[in-house]
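Presented below is the structure to which this report refers.
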Amino acid sequence: MPEPPWLQPLARVRDSELRASSSLGQGSGRSRELKLTFPEDRFLQSYLDRHPETRLQPVDLSSFRAPRARQFAWRQLDLVSAGLPRNRARELLEQHYKLPNSPKAVKQPDVLTAVQREEEQILLEAMERLRLAPSQEQ
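Numbers 116 to 253, taken from the working numbering, label the letters of the sequence shown in order.
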């Protein structure tokens with residue numbers, strides 16, 4: 116049976132640290148929480164700082180596709196690992212994804228607003244057709 120990928124990192128953690136995190140809320144209240152960090156976390160945080168509106172975008176929980184911010188961070192990590200400077204990697208990806216450089220840039224209308232405008236136009240056209248149609252009550 117192959118060794119699971121989580122076994123080696125778990126083996127590096129001291130047993131006392133594991134016990135401290137599993138007993139949260141018990142004892143003197145001095146138990147410490149273990150914090151997992153991933154290599155892309157600094158890129159993800161940087162992305163969210165530059166584009167705070169991303170936090171408001173819905174996440175499809177039934178999908179296996181990562182949110183856009185995490186995809187951006189993964190790609191930036193790949194480019195930095197390949198030797199590109201961090202800022203240059205970010206600029207390239209923002210151009211690739213066509214992201215605004217500042218959160219104050221003009222935002223694209225959201226899907227709901229676009230659908231509402233389309234429905235309003237259809238409703239106005241239908242009302243105009245009814246107004247112009249000859250009356251059938253005689």
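The beta carbon of each residue, even a glycine, is placed where N, CA and C say it ideally should be.
Given the structure is predicted, the values throughout are model-derived calculations rather than measurements.
Per the coordinates, the alpha-carbon of Gln-210 lies some 26 Å from the alpha-carbon of Thr-228. Cα atoms of Arg-183 and Glu-233: separation of roughly 27 Å, rounded to the nearest angstrom.
For the options Ser-196, Gln-172 and Ser-178, the alpha carbon positioned closest to that of Pro-154 is the one of Ser-196.
DSSP, read as helix, strand or coil, puts Asp-225 in coil. Gln-191 places its beta carbon less than 8 Å from that of Phe-158.
The shortest C-alpha to C-alpha distance from Arg-201 to any of Glu-148, Ser-161, Leu-176 and Arg-127 is the one to Ser-161. Annotation: the continuous alpha helix (DSSP H) that includes Glu-206 extends over 201-212.
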